[in-house]
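Asker: Can you keep this structure in mind? I'll have questions shortly.
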Amino acid sequence: MFEQYKKAYLQLGITLVFWVLLCWQGIISAAEIWWTNDIFNHGFLIIPASLYLIFLNRDRLLDVEKKHALLPLILIVPSCLLYVVGVAGDIQLFMHTAAFVMLPSLIWLNLGHKAAKIIAFPLLFMLFSIPIGEQLIPYLQEIAADGSVALLRFTGVPLYRNGLYLDIPQGRFLVAEACSGVSFFIASIVIGFLYTYLNLRSLKKQLFFVLLSFIFPVAANIVRIYGIILIAYHTDMEHAAGADHLIYGWFFFAFVIVCLIAIGEFIRDKVEQKSEQNEETILAGTWITSSKIVSLVAVALLSSVAWTYSIIQVRTSQSIAVASSSVIDQSMHCAGNPIVLGSSFREPDEVFDNALQVEGECKANVTEAWFNGYTNELVTDLNRAYDQHRWTLLSYKNVSLQVGDDLLTVRVDTLTSPRGQQVMLVKWYNLGGHVFTDRVHAKLFGTLQVLRGNSPEGKLVIFSMNIDSDTDEVRFFRGSRRLAFERCRPCSERG
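Each residue of the sequence shown is one higher than the one before, counting from 1369 in our numbering.
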(Lines of atoms letter the chains of each structure in order from A and count residues from 1; the text may use other names and numbers.)
(Lines give C-alpha, C1' and ligand atoms only; values in the text may rest on other atoms or scores of the structure.)
Protein backbone atom coordinates (compact mmCIF):
# COMPACT_ATOMS: atom_id res chain seq x y z
CA MET A 1 0.00 0.00 0.00
CA PHE A 2 2.84 2.40 0.87
CA GLU A 3 4.60 1.78 -2.46
CA GLN A 4 1.35 2.47 -4.31
CA TYR A 5 0.91 5.85 -2.63
CA LYS A 6 4.59 6.63 -2.01
CA LYS A 7 4.55 9.94 -3.90
CA ALA A 8 1.33 11.09 -2.24
CA TYR A 9 2.61 10.25 1.25
CA LEU A 10 5.85 12.09 0.48
CA GLN A 11 3.99 15.22 -0.62
CA LEU A 12 1.76 15.09 2.46
CA GLY A 13 4.83 14.73 4.66
CA ILE A 14 6.58 17.68 2.99
CA THR A 15 3.61 20.00 3.49
CA LEU A 16 3.36 19.02 7.16
CA VAL A 17 7.10 19.66 7.63
CA PHE A 18 6.63 23.12 6.11
CA TRP A 19 3.72 23.65 8.51
CA VAL A 20 5.97 22.87 11.49
CA LEU A 21 8.76 25.14 10.16
CA LEU A 22 6.32 28.01 9.78
CA CYS A 23 4.21 27.54 12.90
CA TRP A 24 6.73 26.24 15.44
CA GLN A 25 6.52 29.43 17.50
CA GLY A 26 2.73 29.26 17.67
CA ILE A 27 2.76 25.52 18.39
CA ILE A 28 5.22 25.94 21.28
CA SER A 29 3.33 28.88 22.79
CA ALA A 30 0.06 26.94 22.53
CA ALA A 31 1.66 23.94 24.25
CA GLU A 32 2.91 26.22 27.04
CA ILE A 33 -0.64 27.47 27.57
CA TRP A 34 -2.00 23.90 27.57
CA TRP A 35 0.57 22.99 30.22
CA THR A 36 0.37 26.03 32.49
CA ASN A 37 -3.32 26.93 32.27
CA ASP A 38 -5.79 24.46 33.76
CA ILE A 39 -8.50 25.77 31.45
CA PHE A 40 -6.73 24.37 28.40
CA ASN A 41 -5.12 21.15 29.67
CA HIS A 42 -7.36 19.25 27.25
CA GLY A 43 -5.40 20.81 24.35
CA PHE A 44 -2.78 18.05 24.54
CA LEU A 45 -5.45 15.47 23.70
CA ILE A 46 -7.13 17.18 20.75
CA ILE A 47 -4.66 16.39 17.93
CA PRO A 48 -4.07 12.75 19.07
CA ALA A 49 -7.84 12.28 19.40
CA SER A 50 -8.40 13.73 15.93
CA LEU A 51 -5.77 11.45 14.42
CA TYR A 52 -7.36 8.46 16.15
CA LEU A 53 -10.77 9.39 14.74
CA ILE A 54 -9.18 9.58 11.29
CA PHE A 55 -7.64 6.15 11.89
CA LEU A 56 -11.08 4.74 12.70
CA ASN A 57 -12.19 5.80 9.22
CA ARG A 58 -9.16 4.28 7.47
CA ASP A 59 -11.21 1.67 5.56
CA ARG A 60 -13.51 4.30 4.09
CA LEU A 61 -10.54 6.52 3.25
CA LEU A 62 -8.81 3.70 1.41
CA ASP A 63 -11.95 3.01 -0.60
CA VAL A 64 -12.46 6.56 -1.87
CA GLU A 65 -10.66 8.47 -4.58
CA LYS A 66 -8.15 10.95 -3.20
CA LYS A 67 -7.12 13.94 -5.26
CA HIS A 68 -5.33 17.18 -4.46
CA ALA A 69 -7.80 20.06 -4.10
CA LEU A 70 -7.38 23.77 -4.77
CA LEU A 71 -10.25 25.00 -2.58
CA PRO A 72 -8.35 24.68 0.74
CA LEU A 73 -5.94 27.35 -0.51
CA ILE A 74 -8.71 29.82 0.36
CA LEU A 75 -7.99 28.96 3.99
CA ILE A 76 -4.26 28.24 3.75
CA VAL A 77 -3.08 31.51 2.18
CA PRO A 78 -5.00 33.81 4.60
CA SER A 79 -3.79 31.62 7.48
CA CYS A 80 -0.19 32.18 6.38
CA LEU A 81 -0.75 35.95 6.31
CA LEU A 82 -2.54 35.85 9.67
CA TYR A 83 0.36 33.94 11.18
CA VAL A 84 2.90 36.48 9.91
CA VAL A 85 0.80 39.31 11.35
CA GLY A 86 0.59 37.38 14.62
CA VAL A 87 4.37 37.06 14.80
CA ALA A 88 4.85 40.75 13.95
CA GLY A 89 2.46 41.91 16.66
CA ASP A 90 3.15 39.05 19.08
CA ILE A 91 -0.57 38.25 18.91
CA GLN A 92 -0.79 34.68 20.15
CA LEU A 93 -4.45 34.35 19.22
CA PHE A 94 -3.57 35.04 15.58
CA MET A 95 -0.68 32.56 15.63
CA HIS A 96 -2.71 29.81 17.29
CA THR A 97 -5.73 30.31 15.05
CA ALA A 98 -3.61 30.36 11.90
CA ALA A 99 -1.62 27.27 12.91
CA PHE A 100 -4.60 25.09 13.81
CA VAL A 101 -6.71 26.22 10.86
CA MET A 102 -3.81 25.56 8.51
CA LEU A 103 -3.20 21.99 9.73
CA PRO A 104 -6.61 20.48 8.80
CA SER A 105 -6.62 22.61 5.64
CA LEU A 106 -3.33 21.05 4.51
CA ILE A 107 -4.70 17.56 5.17
CA TRP A 108 -7.82 18.48 3.19
CA LEU A 109 -5.68 19.79 0.32
CA ASN A 110 -3.70 16.56 0.11
CA LEU A 111 -6.62 14.14 0.47
CA GLY A 112 -9.21 15.98 -1.61
CA HIS A 113 -12.88 16.76 -1.12
CA LYS A 114 -14.28 13.21 -1.00
CA ALA A 115 -11.82 11.98 1.61
CA ALA A 116 -12.05 15.22 3.62
CA LYS A 117 -15.82 14.85 3.76
CA ILE A 118 -15.42 11.44 5.41
CA ILE A 119 -13.16 12.86 8.13
CA ALA A 120 -14.76 16.32 8.32
CA PHE A 121 -15.41 16.10 12.07
CA PRO A 122 -11.87 15.01 13.05
CA LEU A 123 -10.47 17.85 10.94
CA LEU A 124 -12.81 20.41 12.52
CA PHE A 125 -12.19 18.91 15.96
CA MET A 126 -8.56 20.04 15.64
CA LEU A 127 -9.78 23.63 16.07
CA PHE A 128 -10.35 22.89 19.76
CA SER A 129 -6.54 23.01 20.03
CA ILE A 130 -6.79 26.81 19.89
CA PRO A 131 -6.52 28.04 23.51
CA ILE A 132 -9.36 30.53 23.46
CA GLY A 133 -12.15 31.17 25.92
CA GLU A 134 -10.64 33.13 28.83
CA GLN A 135 -12.42 36.21 27.48
CA LEU A 136 -15.67 34.60 28.66
CA ILE A 137 -14.63 34.69 32.33
CA PRO A 138 -16.16 38.10 33.26
CA TYR A 139 -19.45 37.20 31.56
CA LEU A 140 -19.59 33.78 33.22
CA GLN A 141 -18.84 35.43 36.59
CA GLU A 142 -21.79 37.77 36.12
CA ILE A 143 -24.11 34.94 35.03
CA ALA A 144 -23.03 32.80 37.99
CA ALA A 145 -23.55 35.69 40.42
CA ASP A 146 -26.96 36.61 38.95
CA GLY A 147 -28.20 33.02 38.97
CA SER A 148 -26.97 32.14 42.46
CA VAL A 149 -28.39 35.37 43.93
CA ALA A 150 -31.78 34.60 42.37
CA LEU A 151 -31.78 31.08 43.87
CA LEU A 152 -30.65 32.30 47.30
CA ARG A 153 -33.36 34.94 47.44
CA PHE A 154 -35.94 32.43 46.21
CA THR A 155 -35.07 30.10 49.09
CA GLY A 156 -35.16 32.91 51.66
CA VAL A 157 -31.45 33.40 52.32
CA PRO A 158 -30.83 37.07 53.25
CA LEU A 159 -27.97 38.60 51.32
CA TYR A 160 -26.56 41.84 50.00
CA ARG A 161 -24.82 42.00 46.62
CA ASN A 162 -22.00 44.46 45.96
CA GLY A 163 -20.65 43.75 42.48
CA LEU A 164 -19.32 40.21 42.64
CA TYR A 165 -19.27 40.23 46.45
CA LEU A 166 -22.17 38.33 48.03
CA ASP A 167 -22.73 39.07 51.73
CA ILE A 168 -24.79 36.83 53.98
CA PRO A 169 -25.13 37.28 57.77
CA GLN A 170 -22.43 34.66 58.38
CA GLY A 171 -19.80 36.08 56.02
CA ARG A 172 -18.82 37.27 52.56
CA PHE A 173 -18.28 35.40 49.29
CA LEU A 174 -16.59 36.56 46.11
CA VAL A 175 -17.54 35.10 42.73
CA ALA A 176 -13.91 35.04 41.61
CA GLU A 177 -12.44 33.93 38.29
CA ALA A 178 -12.05 30.42 39.67
CA CYS A 179 -15.81 30.40 40.30
CA SER A 180 -16.69 31.37 36.73
CA GLY A 181 -16.67 27.72 35.66
CA VAL A 182 -14.90 28.52 32.39
CA SER A 183 -12.75 25.37 32.42
CA PHE A 184 -15.85 23.32 33.20
CA PHE A 185 -17.70 25.13 30.38
CA ILE A 186 -15.01 24.54 27.72
CA ALA A 187 -14.42 20.91 28.73
CA SER A 188 -18.15 20.19 28.57
CA ILE A 189 -18.37 21.64 25.06
CA VAL A 190 -15.43 19.52 23.86
CA ILE A 191 -16.93 16.38 25.39
CA GLY A 192 -20.35 17.29 24.00
CA PHE A 193 -19.12 17.59 20.42
CA LEU A 194 -17.06 14.40 20.68
CA TYR A 195 -19.92 12.39 22.16
CA THR A 196 -22.32 13.72 19.52
CA TYR A 197 -20.04 12.59 16.71
CA LEU A 198 -19.46 9.13 18.14
CA ASN A 199 -22.95 8.23 19.32
CA LEU A 200 -25.70 10.34 17.76
CA ARG A 201 -26.92 10.12 14.17
CA SER A 202 -30.17 12.09 14.19
CA LEU A 203 -29.65 15.77 13.36
CA LYS A 204 -32.22 16.85 15.97
CA LYS A 205 -30.50 14.82 18.67
CA GLN A 206 -27.09 16.17 17.64
CA LEU A 207 -28.27 19.78 17.84
CA PHE A 208 -30.01 19.12 21.15
CA PHE A 209 -26.96 17.54 22.78
CA VAL A 210 -24.56 20.23 21.51
CA LEU A 211 -26.90 22.93 22.84
CA LEU A 212 -27.15 21.01 26.11
CA SER A 213 -23.36 20.92 26.41
CA PHE A 214 -23.39 24.76 26.31
CA ILE A 215 -26.28 25.33 28.74
CA PHE A 216 -25.80 22.47 31.21
CA PRO A 217 -22.37 23.52 32.61
CA VAL A 218 -23.51 27.13 33.11
CA ALA A 219 -26.64 26.06 34.96
CA ALA A 220 -24.68 23.50 36.98
CA ASN A 221 -22.12 26.10 38.04
CA ILE A 222 -24.92 28.37 39.28
CA VAL A 223 -26.30 25.49 41.36
CA ARG A 224 -22.77 24.76 42.68
CA ILE A 225 -22.25 28.33 43.90
CA TYR A 226 -25.75 28.41 45.35
CA GLY A 227 -25.09 25.14 47.18
CA ILE A 228 -21.77 26.36 48.60
CA ILE A 229 -23.31 29.55 50.02
CA LEU A 230 -26.36 27.65 51.28
CA ILE A 231 -24.17 25.15 53.15
CA ALA A 232 -22.12 27.99 54.65
CA TYR A 233 -25.32 29.76 55.69
CA HIS A 234 -26.79 26.75 57.50
CA THR A 235 -23.48 25.64 59.10
CA ASP A 236 -22.41 29.12 60.23
CA MET A 237 -19.44 29.09 57.79
CA GLU A 238 -18.02 25.86 59.23
CA HIS A 239 -18.25 24.13 55.85
CA ALA A 240 -17.87 25.23 52.22
CA ALA A 241 -16.18 28.50 53.20
CA GLY A 242 -12.54 27.55 52.67
CA ALA A 243 -10.54 25.27 50.42
CA ASP A 244 -13.15 22.54 50.85
CA HIS A 245 -15.49 24.35 48.46
CA LEU A 246 -12.90 23.76 45.71
CA ILE A 247 -13.07 20.05 46.47
CA TYR A 248 -16.84 20.24 46.23
CA GLY A 249 -16.33 21.84 42.83
CA TRP A 250 -14.17 18.97 41.56
CA PHE A 251 -16.65 16.32 42.67
CA PHE A 252 -19.54 18.35 41.31
CA PHE A 253 -17.78 18.74 37.96
CA ALA A 254 -17.26 14.97 37.72
CA PHE A 255 -20.88 14.38 38.68
CA VAL A 256 -22.19 16.80 36.04
CA ILE A 257 -20.04 15.23 33.30
CA VAL A 258 -21.45 11.84 34.26
CA CYS A 259 -24.97 13.32 34.10
CA LEU A 260 -24.25 14.84 30.68
CA ILE A 261 -23.03 11.50 29.32
CA ALA A 262 -25.98 9.72 30.95
CA ILE A 263 -28.37 12.02 29.09
CA GLY A 264 -26.48 11.25 25.90
CA GLU A 265 -26.76 7.52 26.54
CA PHE A 266 -30.49 7.89 27.09
CA ILE A 267 -31.06 9.56 23.71
CA ARG A 268 -28.31 7.86 21.71
CA ASP A 269 -29.14 6.06 18.49
CA LYS A 270 -28.82 2.32 18.33
CA VAL A 271 -25.99 1.55 15.97
CA GLU A 272 -26.50 -1.50 13.82
CA GLN A 273 -23.68 -3.97 13.84
CA LYS A 274 -21.72 -3.72 10.65
CA SER A 275 -20.60 -6.91 9.05
CA GLU A 276 -16.86 -7.20 9.26
CA GLN A 277 -15.19 -6.82 5.94
CA ASN A 278 -12.00 -8.61 5.10
CA GLU A 279 -9.24 -6.15 4.42
CA GLU A 280 -8.37 -7.99 1.24
CA THR A 281 -11.78 -7.20 -0.26
CA ILE A 282 -11.43 -3.45 0.24
CA LEU A 283 -11.03 -1.64 -3.04
CA ALA A 284 -8.13 0.74 -2.74
CA GLY A 285 -9.19 4.09 -4.12
CA THR A 286 -6.83 5.98 -6.35
CA TRP A 287 -4.75 8.90 -5.05
CA ILE A 288 -4.19 11.45 -7.80
CA THR A 289 -1.46 13.92 -7.01
CA SER A 290 -0.86 17.35 -8.51
CA SER A 291 2.63 18.82 -8.53
CA LYS A 292 1.24 22.27 -9.37
CA ILE A 293 -0.95 22.42 -6.26
CA VAL A 294 1.86 21.15 -4.05
CA SER A 295 4.18 23.76 -5.57
CA LEU A 296 1.69 26.54 -4.85
CA VAL A 297 1.40 25.44 -1.24
CA ALA A 298 5.18 25.13 -0.93
CA VAL A 299 5.68 28.66 -2.27
CA ALA A 300 3.06 30.07 0.12
CA LEU A 301 4.53 28.27 3.13
CA LEU A 302 8.17 29.01 2.27
CA SER A 303 7.41 32.69 1.66
CA SER A 304 5.65 32.87 5.01
CA VAL A 305 8.56 31.08 6.71
CA ALA A 306 11.06 33.56 5.22
CA TRP A 307 8.92 36.56 6.16
CA THR A 308 8.37 35.26 9.68
CA TYR A 309 12.06 34.64 10.31
CA SER A 310 12.95 38.10 8.98
CA ILE A 311 10.50 39.67 11.46
CA ILE A 312 11.94 37.59 14.30
CA GLN A 313 15.43 38.69 13.29
CA VAL A 314 14.42 42.35 13.35
CA ARG A 315 12.74 41.98 16.75
CA THR A 316 15.81 40.37 18.32
CA SER A 317 18.33 42.81 16.81
CA GLN A 318 16.65 46.08 17.85
CA SER A 319 18.30 48.25 20.47
CA ILE A 320 15.92 49.02 23.32
CA ALA A 321 15.55 52.42 24.96
CA VAL A 322 13.91 52.70 28.35
CA ALA A 323 11.89 55.57 29.74
CA SER A 324 13.84 57.43 32.43
CA SER A 325 10.97 59.29 34.08
CA SER A 326 7.25 59.94 33.99
CA VAL A 327 6.03 62.34 31.31
CA ILE A 328 2.98 63.39 33.31
CA ASP A 329 2.93 67.11 34.16
CA GLN A 330 4.85 67.45 37.44
CA SER A 331 2.48 70.18 38.64
CA MET A 332 -0.23 67.52 38.98
CA HIS A 333 1.80 65.34 41.36
CA CYS A 334 1.10 65.36 45.09
CA ALA A 335 2.29 63.57 48.21
CA GLY A 336 0.41 60.56 49.47
CA ASN A 337 -0.97 57.26 48.28
CA PRO A 338 -4.74 57.68 47.95
CA ILE A 339 -5.43 54.48 45.98
CA VAL A 340 -3.79 51.05 46.01
CA LEU A 341 -5.12 49.27 42.92
CA GLY A 342 -2.59 46.45 42.92
CA SER A 343 -1.91 46.77 39.19
CA SER A 344 0.24 44.02 37.71
CA PHE A 345 2.22 44.01 34.47
CA ARG A 346 4.20 41.37 32.60
CA GLU A 347 7.88 42.34 32.33
CA PRO A 348 7.49 46.12 31.78
CA ASP A 349 10.59 48.23 31.16
CA GLU A 350 9.53 50.85 33.69
CA VAL A 351 6.51 51.55 35.89
CA PHE A 352 5.79 54.98 37.35
CA ASP A 353 3.10 55.27 40.00
CA ASN A 354 2.17 58.75 41.26
CA ALA A 355 -0.51 60.35 43.38
CA LEU A 356 -2.24 63.22 41.59
CA GLN A 357 -4.14 66.26 42.67
CA VAL A 358 -7.27 67.01 40.69
CA GLU A 359 -8.60 70.53 41.17
CA GLY A 360 -6.73 70.92 44.44
CA GLU A 361 -7.55 67.56 46.05
CA CYS A 362 -5.04 64.70 46.31
CA LYS A 363 -7.36 61.75 45.77
CA ALA A 364 -6.33 60.37 42.39
CA ASN A 365 -3.59 58.11 41.09
CA VAL A 366 -1.91 57.55 37.72
CA THR A 367 0.18 54.56 36.72
CA GLU A 368 2.37 54.55 33.61
CA ALA A 369 3.78 51.23 32.42
CA TRP A 370 6.31 51.42 29.57
CA PHE A 371 6.88 48.56 27.12
CA ASN A 372 9.45 48.37 24.31
CA GLY A 373 7.29 45.93 22.33
CA TYR A 374 10.18 43.62 21.45
CA THR A 375 10.98 41.77 24.68
CA ASN A 376 7.61 42.45 26.27
CA GLU A 377 4.03 43.15 25.23
CA LEU A 378 2.04 46.35 25.68
CA VAL A 379 -1.45 45.03 24.94
CA THR A 380 -2.11 41.74 26.71
CA ASP A 381 -4.58 40.30 29.22
CA LEU A 382 -1.62 39.72 31.54
CA ASN A 383 -1.34 43.48 32.12
CA ARG A 384 -4.06 44.08 34.70
CA ALA A 385 -5.25 47.46 35.87
CA TYR A 386 -6.28 46.26 39.34
CA ASP A 387 -6.03 43.32 41.70
CA GLN A 388 -9.23 41.33 41.34
CA HIS A 389 -8.86 40.01 44.89
CA ARG A 390 -8.98 43.55 46.28
CA TRP A 391 -11.46 45.09 43.87
CA THR A 392 -14.51 43.95 41.95
CA LEU A 393 -16.21 45.60 38.99
CA LEU A 394 -19.43 47.28 40.08
CA SER A 395 -20.41 48.84 36.74
CA TYR A 396 -18.96 50.33 33.58
CA LYS A 397 -20.00 52.78 30.89
CA ASN A 398 -18.61 54.27 27.70
CA VAL A 399 -17.98 58.01 27.80
CA SER A 400 -16.83 60.44 25.08
CA LEU A 401 -13.97 62.81 25.95
CA GLN A 402 -13.03 65.79 23.80
CA VAL A 403 -9.22 65.79 23.65
CA GLY A 404 -8.01 68.59 21.40
CA ASP A 405 -9.51 67.94 17.99
CA ASP A 406 -10.19 64.29 18.78
CA LEU A 407 -13.29 62.76 20.35
CA LEU A 408 -12.17 59.72 22.33
CA THR A 409 -14.61 57.06 23.51
CA VAL A 410 -13.30 55.53 26.73
CA ARG A 411 -14.59 52.81 29.01
CA VAL A 412 -14.98 54.01 32.59
CA ASP A 413 -15.03 51.26 35.24
CA THR A 414 -16.48 51.77 38.69
CA LEU A 415 -14.77 49.45 41.19
CA THR A 416 -15.70 48.62 44.74
CA SER A 417 -13.65 47.14 47.57
CA PRO A 418 -14.86 44.80 50.33
CA ARG A 419 -15.04 47.86 52.62
CA GLY A 420 -17.30 49.73 50.22
CA GLN A 421 -14.69 52.13 48.83
CA GLN A 422 -15.58 53.15 45.28
CA VAL A 423 -13.06 54.09 42.60
CA MET A 424 -13.54 55.18 39.01
CA LEU A 425 -10.90 53.98 36.58
CA VAL A 426 -10.02 54.62 32.96
CA LYS A 427 -7.07 53.40 30.91
CA TRP A 428 -5.61 54.04 27.49
CA TYR A 429 -2.55 53.27 25.40
CA ASN A 430 0.00 55.79 24.07
CA LEU A 431 1.58 54.32 20.95
CA GLY A 432 3.43 55.99 18.08
CA GLY A 433 2.21 59.45 19.06
CA HIS A 434 -1.42 58.33 19.19
CA VAL A 435 -3.88 57.68 22.01
CA PHE A 436 -5.88 54.45 21.81
CA THR A 437 -8.72 53.65 24.17
CA ASP A 438 -9.60 50.39 22.41
CA ARG A 439 -7.12 47.58 23.05
CA VAL A 440 -7.84 45.91 19.70
CA HIS A 441 -7.02 49.08 17.76
CA ALA A 442 -3.88 49.56 19.85
CA LYS A 443 -2.75 45.99 19.19
CA LEU A 444 -3.33 46.25 15.44
CA PHE A 445 -1.53 49.61 15.27
CA GLY A 446 1.47 48.15 17.11
CA THR A 447 1.52 45.25 14.65
CA LEU A 448 1.41 47.69 11.74
CA GLN A 449 4.34 49.56 13.28
CA VAL A 450 6.45 46.38 13.23
CA LEU A 451 5.46 45.54 9.64
CA ARG A 452 6.49 49.07 8.64
CA GLY A 453 9.83 48.68 10.39
CA ASN A 454 8.95 51.19 13.13
CA SER A 455 9.27 50.78 16.88
CA PRO A 456 6.23 49.27 18.63
CA GLU A 457 7.14 50.85 21.97
CA GLY A 458 4.41 52.52 24.02
CA LYS A 459 2.88 52.88 27.43
CA LEU A 460 -0.26 51.92 29.29
CA VAL A 461 -1.79 54.73 31.34
CA ILE A 462 -4.19 53.93 34.18
CA PHE A 463 -5.96 56.84 35.87
CA SER A 464 -8.08 56.21 38.96
CA MET A 465 -9.80 58.38 41.54
CA ASN A 466 -11.72 57.93 44.77
CA ILE A 467 -15.39 58.78 44.27
CA ASP A 468 -17.31 60.10 47.25
CA SER A 469 -19.82 62.35 45.48
CA ASP A 470 -21.15 63.45 42.09
CA THR A 471 -18.66 66.34 42.20
CA ASP A 472 -15.80 63.82 42.32
CA GLU A 473 -17.16 62.15 39.19
CA VAL A 474 -17.03 65.47 37.31
CA ARG A 475 -13.46 66.02 38.54
CA PHE A 476 -12.54 62.53 37.40
CA PHE A 477 -13.55 63.24 33.80
CA ARG A 478 -11.71 66.57 33.80
CA GLY A 479 -8.57 64.89 35.07
CA SER A 480 -8.88 62.12 32.47
CA ARG A 481 -9.20 64.67 29.67
CA ARG A 482 -6.11 66.56 30.85
CA LEU A 483 -4.00 63.41 31.13
CA ALA A 484 -5.05 62.22 27.68
CA PHE A 485 -3.20 65.21 26.20
CA GLU A 486 0.07 63.54 27.24
CA ARG A 487 1.02 61.85 23.98
CA CYS A 488 3.63 59.14 23.66
CA ARG A 489 6.85 60.68 22.36
CA PRO A 490 9.63 58.65 20.69
CA CYS A 491 12.45 57.50 22.94
CA SER A 492 14.86 59.86 21.20
CA GLU A 493 12.83 62.82 22.52
CA ARG A 494 12.84 61.61 26.12
CA GLY A 495 15.62 62.52 28.49
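All C-beta atoms, glycine included, are put in the ideal place defined by N, C-alpha and C.
According to DSSP, is Arg-1758 helix, strand or coil?
Answerer: Along the sequence shown, read from residue 1 onward, the residue named residue 1758 stands at position 390. Coil.
Asker: List, from N- to C-terminal side, the alpha helix (DSSP H) runs of 4 residues or more that fit wholly inside the stretch 1486–1537.
Answerer: List check, alpha helix (DSSP H) in window: 1488–1493, 1505–1522.
Asker: Give the C-beta separation of Cys-1702 and Leu-1724 to the nearest angstrom, bearing in mind that I take them to be a contact with Cβ-Cβ under 8 angstroms.
Answerer: Here residue 1702 corresponds to residue number 334 of the sequence shown, with the count starting at 1. Here residue 1724 corresponds to residue number 356 of the sequence shown, with the count starting at 1. Rounded, the Cβ-Cβ distance is 6 angstroms, consistent with contact.
Asker: Using the three-state DSSP reduction, which class does Asn-1567 fall into: helix, strand or coil?
Answerer: By one-based count along the sequence shown, residue 1567 stands at place 199. Note: Asn-1567 maps to helix in three-state DSSP.
Asker: Could you pull the start and end residues of the alpha helix (DSSP H) that His-1410 belongs to?
Answerer: Reading the sequence shown from its first residue, position 42 is the one you call residue 1410. Note, His-1410: premise wrong, no alpha helix (DSSP H); not H, not E.
Asker: Starting from Arg-1540, trace the beta strand (DSSP E) both ways and give me its first and last residue.
Answerer: Numbered from 1 along the sequence shown, position 172 holds the residue referred to as residue 1540. Note, Arg-1540: beta strand (DSSP E), 1539–1542.
Asker: Roughly how many angstroms lie between the CA atoms of Glu-1545 and Trp-1403, to the nearest whole one?
Answerer: Your numbering for residue 1545 matches position 177 in the sequence shown. Your numbering for residue 1403 matches position 35 in the sequence shown. Those two C-alpha atoms are separated by around 19 angstroms.
Asker: With DSSP as the reference, label Thr-1465 as helix, strand or coil.
Answerer: On the sequence shown, position 97 is the one that residue 1465 refers to. If DSSP states are grouped into helix, strand and coil, Thr-1465 belongs with the helices.
Asker: Just the C-alpha distance for Met-1605 and Asp-1514, rounded to the nearest angstrom, thanks.
Answerer: Sequence index remark: in the sequence shown, residue 1605 carries index 237 (1-based). Sequence index remark: in the sequence shown, residue 1514 carries index 146 (1-based). Cα-Cα distance, rounded: 22 angstroms.
Asker: Report, in whole angstroms, the separation of the C-beta atoms of Ser-1548 and Leu-1628, which I expect to be a contact under 8 angstroms.
Answerer: Taking the first residue of the sequence shown as position 1, residue 1548 is located at position 180. Taking the first residue of the sequence shown as position 1, residue 1628 is located at position 260. Incorrect: roughly 19 angstroms between the Cβ atoms, too far for contact.
Asker: According to DSSP, is Ile-1707 part of a helix, a strand, or is it coil?
Answerer: Within the sequence shown, the letter at position 339 stands for residue 1707. Correct three-state label for Ile-1707: coil.
Asker: Put Gln-1790 into one of helix, strand or coil per three-state DSSP.
Answerer: Along the sequence shown, one-based indexing puts residue 1790 at 422. Reduced to three states, the DSSP call for Gln-1790 is strand.
Asker: Could you give the first and the last residue of the continuous beta strand (DSSP E) run that contains Val-1829?
Answerer: One-based indexing of the sequence shown puts residue 1829 at position 461. Residues 1826–1834.
Asker: In terms of alpha-carbon separation, which member of Lys-1731, Asn-1798, Ser-1785 lies closest to Phe-1739?
Answerer: Along the sequence shown, one-based indexing puts residue 1739 at 371. Closest by alpha carbon: Asn-1798.
Asker: Excluding the 5 residues flanking Trp-1796 on each side, which residues of the same chain have their C-beta closer than 6 angstroms to its C-beta?
Answerer: Reading the sequence shown from its first residue, position 428 is the one you call residue 1796. Result list for Trp-1796: Val-1803, Thr-1805, Val-1829, in chain order.
Asker: Does DSSP put Arg-1428 in a helix, a strand or coil?
Answerer: Counted from its first residue, the sequence shown places residue 1428 at position 60. Helix at Arg-1428.
Asker: In whole angstroms, what separates the C-alpha of Asn-1530 from that of Ala-1630?
Answerer: In the sequence shown, residue 1530 corresponds to position 162, counting from 1. In the sequence shown, residue 1630 corresponds to position 262, counting from 1. Cα to Cα, Asn-1530 sits roughly 38 angstroms from Ala-1630.
Asker: Could you please give the first and the last residue of the uninterrupted beta strand (DSSP E) stretch that includes Phe-1713?
Answerer: Residue 1713 sits at position 345 when you count from the first residue of the sequence shown. Careful: Phe-1713 lies outside any beta strand (DSSP E) and carries neither H nor E.
Asker: Short of 6 angstroms in beta carbon distance, which residues of its chain neighbour Asp-1755, apart from the five on each side in sequence? Order them along the chain.
Answerer: Mapped onto the sequence shown, residue 1755 falls at position 387. Within the same chain, Asp-1755 has close Cβ partners Gly-1710.
Asker: From Ser-1832 to Leu-1750, what does the alpha carbon distance come to, in whole angstroms?
Answerer: Here residue 1832 is taken as the residue at index 464 of the sequence shown, counted from 1. Here residue 1750 is taken as the residue at index 382 of the sequence shown, counted from 1. Taking the straight line joining both Cα atoms gives about 19 angstroms.
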